[in-house]
Amino acid sequence: MTAAMERIVYLDNNATTMVAPEVLDAMMPFLTDRYGNPSSIHSFGGNVGKHLDRAREQVAAFLGADQDYEIVFTGTGTESDNTAILGTISYYRDRKHIVTSRVEHPAVLSLCKKLERDGYTVTYVPVDSEGNLDMTALRESVTDDTAIVSIMYANNETGVIFPVQEIGALCRERGIPFHVDAVQAAGKIPIRVNDIGCDLLTISGHKFHAPKGIGVLYVRRGTRIRPVLYGGHQEKGRRPGTENTPGIIAIGRASQLASEHLSEYHGRVRALRDKLERDILKRFPNSHLNGNRDNRVPNTTNIGFDYIEGEAILLYLDRHGIAASSGSACSSGSLEPSHVLRAMGVPFTSAHGSIRFSLSRFVTEDDIGYVLSVLPEVVGRLLEISPFWDKEKRQGKPMPL
Ligand code: PLP
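In the numbering used here, the protein residues as written are 9 to 409.
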């Protein structure tokens, strides 16, 4: 192992995050001594149920929900997204239209593709070249046949924030249920369900320092939704199955911590992200920002490098102990540019060379300095062997480094 490999600089926090030490401490007793089933009559299990109630309160406070009852614990963000859409359309059986955007996570898009095969019509609202949602198109897409509007709060690849409050007002006016996928917003920007005016909202624990395998679906009181799973009475029948008690305790504690650290994201973390981005864009004339510079969550930057492959950059960075991503965790691994960058009309040459760096509060200034010290060698080496760049060079373009 080389010295460089011993160091890990983790800049892939939109894919998943480390479990915060305080969260691990909170959940540990529920993995060891406090293993009782919260549905039990005996107090050994019943006491665990009291801790679940507390976690529900913590999540409700984090989202600004009126009542703890509105918080439903699920297995993942994917499950919450699916439950919101499937549960709503199974109530409004006579409505056959769904509105979403072209840049949603596959947890929404793959389901919509399946529903199209089942006879639903889906409108995929476009975005502009900066990744902003086309609100005119969204407004025009809504009809009396629309069963649900499902739009993300912040995009996982670019970090661009969508105007969910405006969409919430529109849906209210038209009497259409509104679901917000807030998985990439949690912990990065405030989430207030009453300000948004949504009926349903999804978050996922592993994106804000709780472990994997715990999600939340906020369901506003009075929202018409049918369960997707059938079984016991857990979660008041809305999501049956014995509760993931350590996960629920963890997401409760992580919610509390996320509120406490929000200002750090808007201060220190944003400053580190901006430094990384500014220095890259200044240093490499073949680089440019993907996404709206101002209207973004504070931890994410997505940078396109012309003429070189994102996967190759990632592999070289990996050799230096730096973890980043070339798109969403799910689409990396395929050689197609991501559906988000394609929807933004990012040119082929730079869509292929796009890298997402996503920070957390555990990233230090030293980490960012290290990435900036390693990048020139990586980018320079890849440009030298790039067939795209070779062609430009033969046409007289100077080396951008
Ligand atoms: N929605 C968005 C915007 C995401 O980024 C992700 C995960 O990357 C999900 C949904 C799915 O969440 P989970 O991994 O908990 O299923």
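Even for Gly, the Cβ is constructed at its ideal location relative to N, Cα and C.
Three-pair Cβ contact test at 8 angstroms for the segment 193-208 versus the segment 70-77: Touching, yes.
Buried or exposed by the 16-neighbour rule on C-beta atoms within 10 Å, applied to E181: Position 173 of the sequence shown holds residue 181. With fewer than 16 Cβ atoms within 10 Å of its Cβ, E181 is classed as exposed.
Contacting residues, own chain, Cβ-Cβ under 6 angstroms from D42 (five flanking each side not counted): Position 34 of the sequence shown, counting from 1, holds the residue named residue 42. With the sequence shown as reference, residue 42 is identified as Arg, and Asp is not the correct amino acid for it. Beyond the five residues adjoining it in sequence on each side, R42 comes within less than 6 angstroms, by CB distance, of V56 in the same chain, given in chain order.
Top-ranked residue by Cα proximity to D136, from L391, V348, L383 and F396: Here residue 136 corresponds to residue number 128 of the sequence shown, with the count starting at 1. The residue with the shortest Cα to Cα distance from D136 is V348.
Burial state of Q173 (16 or more Cβ within 10 Å): Your numbering for residue 173 matches position 165 in the sequence shown. That one is exposed.
Helix, strand or coil at D20 according to DSSP, with G and I counted as helix: As a first step, residue 20 is located in the sequence shown; it is residue number 12 there, counting from the start. For D20, the secondary structure class from DSSP, reduced to helix, strand or coil, is strand.
Beta-carbon spacing of A193, V305 below 8 angstroms: What you label residue 193 is simply residue 185 of the sequence shown in a count that begins at 1. What you label residue 305 is simply residue 297 of the sequence shown in a count that begins at 1. Yes, they are a contact pair.
Residue of V157, H214 and A177 minimising C-alpha distance to V188: In the sequence shown, counting from the first residue as 1, residue 188 sits at position 180. Closest option to V188, Cα to Cα, is V157.
Three-state class that DSSP yields for T84 in the structure shown: Walking along the sequence shown from the start, residue 84 turns up at place 76. The answer is coil: DSSP assigns T84 none of H, G, I, E or B.
Rounded Cβ spacing between F365 and L19 (contact assumed at less than 8 angstroms): Within the sequence shown, numbered from 1, the residue matching residue 365 stands at position 357. Within the sequence shown, numbered from 1, the residue matching residue 19 stands at position 11. With a Cβ gap of about 4 angstroms, F365 and L19 count as contacting.
Separation of D142 from R389, as counted between CA atoms: Against the sequence shown, residue 389 aligns to sequence position 381. Against the sequence shown, residue 142 aligns to sequence position 134. The alpha-carbon atoms of R389 and D142 are separated by roughly 39 angstroms.
Proximal residues to Y324 (C-beta, below 6 angstroms), its chain only, five neighbours per side dropped: Residue 324 sits at position 316 when you count from the first residue of the sequence shown. Listed in chain order, the non-local C-beta contacts of Y324 below 6 angstroms within the same chain comprise V386, local neighbours out to five positions each way being set aside.
Straight-line gap, P411 to R291 (C-alpha atoms, nearest Å): No statement about residue 411 is possible, as the shown extent of the chain runs from 9 to 409 and does not include it.
Contacting residues, own chain, Cβ-Cβ under 7 angstroms from R234 (five flanking each side not counted): Within the sequence shown, numbered from 1, the residue matching residue 234 stands at position 226. The beta carbon of R234 lies closer than 7 angstroms to those of G95, S98 and Y99 in the same chain, with the five residues before and after it left out.
Option nearest G223 by Cα separation, candidates H296, I93 and D89: Counted from its first residue, the sequence shown places residue 223 at position 215. When only C-alpha atoms are compared, the closest one is D89.
Minimum C-alpha distance to K399 - residue among T357, G377 and G54: Translated into positions along the sequence shown, residue 399 becomes position 391. The shortest Cα separation from K399 among T357, G377 and G54 belongs to T357.
G377 in three-state terms, based on DSSP: To locate residue 377, count along the sequence shown from 1; it is residue 369. In the structure shown, G377 sits in a helix (DSSP, three-state: H, G or I).
C-alpha gap between I79 and Y315, whole angstroms: Taking the first residue of the sequence shown as 1, we reach residue 79 at position 71. Taking the first residue of the sequence shown as 1, we reach residue 315 at position 307. Distance between I79 and Y315, taken at the CA atoms: about 47 angstroms.
P395, buried or exposed, once every other Cβ within 10 Å from all chains shown has been counted against 16: Against the sequence shown, residue 395 aligns to sequence position 387. Taking every protein chain shown into account, the CB of P395 has fewer than 16 other CB atoms within 10 angstroms, so this residue is exposed.
In chain order, each alpha helix (DSSP H) run of at least 4 residues that lies wholly inside the segment 145-212: Whole alpha helix (DSSP H) segments, 4+ residues: 172-182 and 201-204.
Proximal residues to E14 (C-beta, below 8 angstroms), its chain only, five neighbours per side dropped: Along the sequence shown, one-based indexing puts residue 14 at 6. Within the same chain, E14 has close Cβ partners G329.
Segment contact flag, the segment 253-264 with the segment 30-48, C-beta cutoff 8 angstroms, min 3 pairs: Short answer: they touch.
Presumed contact (8 angstroms Cβ cut-off) between F225 and A92, rounded CB distance: Start at 1 with the first residue of the sequence shown, and residue 225 comes out as number 217. Start at 1 with the first residue of the sequence shown, and residue 92 comes out as number 84. In the sequence as presented, Phe is not what sits at residue 225; that position holds Leu. About 6 angstroms separates the beta carbons of L225 and A92, which is inside the 8 angstroms limit, making them a contact pair.
Own chain residues within Cβ distance below 8 angstroms of Q242, not counting five before or after: Indexing the sequence shown from 1 puts residue 242 at position 234. The residues are S47, P248, G249, T250 and E251.
Helix, strand or coil at S118 according to DSSP, with G and I counted as helix: As a position in the sequence shown, residue 118 is number 110, starting the count at 1. Of the three classes helix, strand and coil, the one that applies to S118 here is helix, per DSSP.
Contact under 8 angstroms by Cβ, H105 with T154: Taking the first residue of the sequence shown as 1, we reach residue 105 at position 97. Taking the first residue of the sequence shown as 1, we reach residue 154 at position 146. Closer than 8 angstroms, so yes.
CA nearest to the CA of N310, picked from I288, A320 and I197: Residue mapping note: residue 310 aligns to position 302 of the sequence shown, counting from 1. Ranking the options by Cα distance to N310, first place goes to I288.
Separation of P254 from G221, as counted between CA atoms: Taking the first residue of the sequence shown as position 1, residue 221 is located at position 213. Taking the first residue of the sequence shown as position 1, residue 254 is located at position 246. Approximately 10 angstroms, taken between the alpha carbons.
Host beta strand (DSSP E) of I321 (start-end): Looking up residue 321 in the sequence shown gives position 313. For I321, there is no enclosing beta strand (DSSP E); the residue is part of the alpha helix (DSSP H) that begins and ends at G318 to R327.
Range of the contiguous beta strand (DSSP E) that encloses V130: For the purposes of this step, residue 130 is identified with residue 122 of the sequence shown, where counting begins at 1. Residue range T129 to V133 is occupied by the beta strand (DSSP E) that includes V130.
Three-state secondary structure (DSSP) of Y99: To locate residue 99, count along the sequence shown from 1; it is residue 91. Judged by DSSP in its simplified three-state form, Y99 adopts helix.
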